[in-house]
Amino acid sequence: LDEITYETRTVEYASFTTRTIAFLTDVFLFIIITYGLYYVHKPTPSYIGFLQMFWWKIIFVIIIYFVYFDGSEKNATPGKQIMNIRLLNEEKREIDYSTSAKHLLFSTLLFFGFFRLLLYDKQQTMADKFCKIISVKVK
1 LDEITYETRT VEYASFTTRT IAFLTDVFLF IIITYGLYYV HKPTPSYIGF
51 LQMFWWKIIF VIIIYFVYFD GSEKNATPGK QIMNIRLLNE EKREIDYSTS
101 AKHLLFSTLL FFGFFRLLLY DKQQTMADKF CKIISVKVK
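Reminder that position 123 of the sequence shown reads as 123 in our numbering, one-by-one numbering, no gaps.
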C-alpha cells in the first residue's frame, strides 16, 4: 500500500458540502487573520477601510496561500485539512505548485463551475476537470 500516491486505494470523492465547508473555513481563517492585523495596527478607523486600503496585498496573500498549501506535501489548505480533503491528480498522485496555480486560476475564472459538483460522479468542478484533479476524502 502506497501512502503517498493512493494508487492502490479506492478513493472517496469529497462532496459538494464538504468542499464548501472547507472553503468557508479558509475564508473564516482569513477574516480572523486580517481582523487581527487590523486590530493590532489600526491603520484606518474601520476594518472595512483597512480592507479597502490593503486589498491588493490581501489578494496577493490569498493567491500564495492557496497555491502553497494545495501544492505542498499535504495537498490541502488548512480548511481542507480540517475537513480531511486532499487534492490529487487523476492518477491519484500529488499535485505540484504549477498545477495548484493553474487550478486556482481556473477556479477563479470558472467559479460558476463549482455547482457542477452536484451532477457528476467524481464530484469535479470545471476547474478540476481542466486541471485533471480530484478531491478525495482522507480517512
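All C-beta atoms, glycine included, are put in the ideal place defined by N, C-alpha and C.
All values derive from a computational prediction rather than experimental measurement.
Excluding sequence positions up to five before and after isoleucine 21, its CB lies within less than 7 Å of the CB of Met83, all in the same chain and listed in chain order. Alanine 14 sits away from lysine 122, with the two beta carbons spaced by 8 Å or more. Look at serine 15 here: in three-state DSSP terms it is coil, with no helix or strand label. Boundaries of the beta strand (DSSP E) harbouring isoleucine 85: 85-89, taken from the DSSP string.
Using a 10 angstroms sphere on the CB of tyrosine 38, the tally of other CB atoms reaches 16 or more, which defines it as buried. In the structure shown, valine 67 falls within a helical segment according to DSSP collapsed to helix, strand and coil.
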